Amino acid sequence: MTRYLLDTNIVSDLIRKPQGRVAQHIRKVGENKVCTSIIVAAELRFGATKKGSSQLAAQLEAVLGALEILPSEAPADKTYGLIRTRLEKSGRPIGGNDLLLRLRLWLSAIRL
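Residue 112 in the working numbering sits at position 66 of the sequence shown; the count goes up by one each step and never skips.
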């Protein structure tokens, strides 16, 4: 079964535009086929807390409450260390959270 792992930008768009294109696509593919990661949830909760908006926090919790939030699991930690080191040594670093999200996708794909 194909699943969609929503990143921070997509979930943010869903919060800002609850009837927008992202929501329409989710309805089209089925809510059971979308999820996000604990990393995305943490980033979004940080942003909402930093803004200090109770309305934003409530909207965020409503969206996250409707999504399955996948945990980060081993061997992501070992793989993260190896890949991040190689990327930095090759002069192509990416953000730490972005790497964790990509690892989540990769590890999910190889378990299918």
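Think of the CB as a built atom: it goes at the ideal place given N, C-alpha and C, for glycine as much as any other residue. Just so you know, these numbers come straight off a predicted model, no measurement behind them.
Give a yes or no on whether the C-beta atoms belonging to residue i and residue j are separated by under 8 Å.
| i | j | result |
| --- | --- | --- |
| leucine 147 | isoleucine 85 | yes |
| valine 80 | leucine 52 | yes |
| serine 83 | serine 58 | no |
| tyrosine 126 | leucine 145 | yes |
| leucine 102 | arginine 91 | no |
| arginine 150 | alanine 122 | yes |
Excluding the 5 residues flanking residue i on each side, which residues of the same chain have their C-beta closer than 6 Å to its C-beta?
| i | result |
| --- | --- |
| glutamate 114 | Cys81 |
| arginine 130 | Leu145 |
Give a yes or no on whether 8 Å exceeds the smallest Cβ distance from residue i to chain B.
| i | result |
| --- | --- |
| aspartate 53 | Note that chain B does not occur in the displayed structure, where there is just one protein chain. |
Pull up the DSSP beta-bridge partners for residue i, would you.
| i | result |
| --- | --- |
| threonine 82 | Leu52, Ile115 |
Going by DSSP, what residue range makes up the alpha helix (DSSP H) through residue i?
| i | result |
| --- | --- |
| glycine 141 | No alpha helix (DSSP H) contains glycine 141, which DSSP labels as neither H nor E. |
| alanine 120 | Alanine 120 -> no alpha helix (DSSP H), and no H or E assigned at all. |
| glutamine 70 | 67–75 |
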